[in-house]
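Here's the structure, in structure tokens; my notes come after.
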Amino acid sequence: MKIGTRRDRRDSRWDEHRRARREQLVDATIAAVGRHGAGVGMEEIATAAGTSKTVVYRHFADRTELHVAVCARVADSLTARLREAMERSGEPRQMVAAAVETYLAFLEADPELYRFVVQAPDRPAAPGDTDPIANLSSLVGNQAAALVAVALEQAGRDPAAALPWGHGLVGLVRSAADWWLQADRPMPRVELAAHLTDLAWAGLSGVVSRKEEQP
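The letter at position 197 of the sequence shown is residue 197 when you use the UniProt record's numbering, and the numbering goes up by one with no holes.
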């Protein structure tokens with residue numbers, strides 16, 4: 001066996017170990033948030049991981065990098081749930097209702113994790129930094145846009161407006177959901193979901209109905 005081949009295999013194993021260790025640290029961070037709340041410290045995260053802060057910083061340059069990794073995990077989980085919920089129905093209004101309900105249920109199930117995700121790390125933004133919650137909103141917005149595009153195509157309409165409408169829907173739901181959490185959930189989730197679905201559908205229904213159904 002060539003020396004270069006052995007080195008490549010060692011490098012590959014090390015890369016896999018690093019990826020696995022980063023995933024474990026993300027798991028530990030989520031567990032620590034559940035235990036200590038959105039304001040969890042790096043020492044508490046390291047304890048949850050059964051290691052030291054030095055080891056955590058060996059895999060993540062700083063808290064911001066760890067925060068972005070947690071946001072990516074949350075985004076993956078949320079978008080998968082949204083996709084599954086929307087695929088259960090072929091009716092546009094029911095798809096909107098399912099998406100809104102799924103988003104709110106996700107937040108209500110773990111409000112501290114959501115607060116952790118939307119709470120930017122306590123340091124000035126550096127050039128080139130990305131906004132994790134903007135990335136999360138973008139991913140969810142793309143999913144909503146796909147829903148709107150399907151509804152427009154079913155109605156025989158041009159799906160070109162799907163992206164702005166999809167992202168607009170996410171802004172509507174996210175803003176209302178943030179208020180709901182901050183106000184300590186003053187109404188049941190199902191009631192809020194119904195209100196938001198009514199509001200969103202009032203705008204969408206006129207543009208996703210078939211042309212021949214228009215007055």
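Ideal placement from N, C-alpha and C gives every residue a C-beta, glycine not left out.
Quantities reported herein were computed from a predicted structural model and do not represent experimental measurements.
Residue i (DSSP reduced to helix, strand or coil)
| i | result |
| --- | --- |
| Leu199 | helix |
| Ser89 | coil |
| Leu204 | helix |
| Val55 | helix |
| Ala183 | coil |
| Pro111 | helix |
| Met62 | Met is not the amino acid found at residue 62; the sequence shown has Asp there. Reduced to three states, the DSSP call for Asp62 is coil. |
Cβ pair residue i, residue j closer than 9 Å
| i | j | result |
| --- | --- | --- |
| Val100 | Ala200 | yes |
| Val148 | Leu169 | yes |
| Arg18 | Ala69 | no |
| Ala144 | Gly166 | yes |
| Arg93 | Ser205 | yes |
| Val55 | Ala61 | no |
| Arg81 | Phe106 | yes |
| Val33 | Leu113 | yes |
CA nearest to the CA of residue i, picked from the options
| i | options | result |
| --- | --- | --- |
| Trp179 | Ala69, His17, Leu104 | Leu104 |
| Ala177 | Asp76, Gly166, Val190 | Val190 |
| Pro111 | Gly39, Ala202, Ala28 | Gly39 |
| Arg63 | Val26, Glu153, Arg88, Val150 | Val26 |
Cβ separation of residue i and residue j, assumed to be a contact under 8 Å, to the nearest whole Å
| i | j | result |
| --- | --- | --- |
| Lys53 | Glu43 | 6 Å |
| Thr79 | Val140 | 6 Å |
Nonlocal neighbours in the same chain, by C-beta distance under 7 Å from residue i, ignoring five residues either side
| i | result |
| --- | --- |
| Gly108 | Note that residue 108 is Glu in the sequence shown, not Gly. Closer than 7 Å at the Cβ level, and outside the excluded window around Glu108, lie Arg189. |
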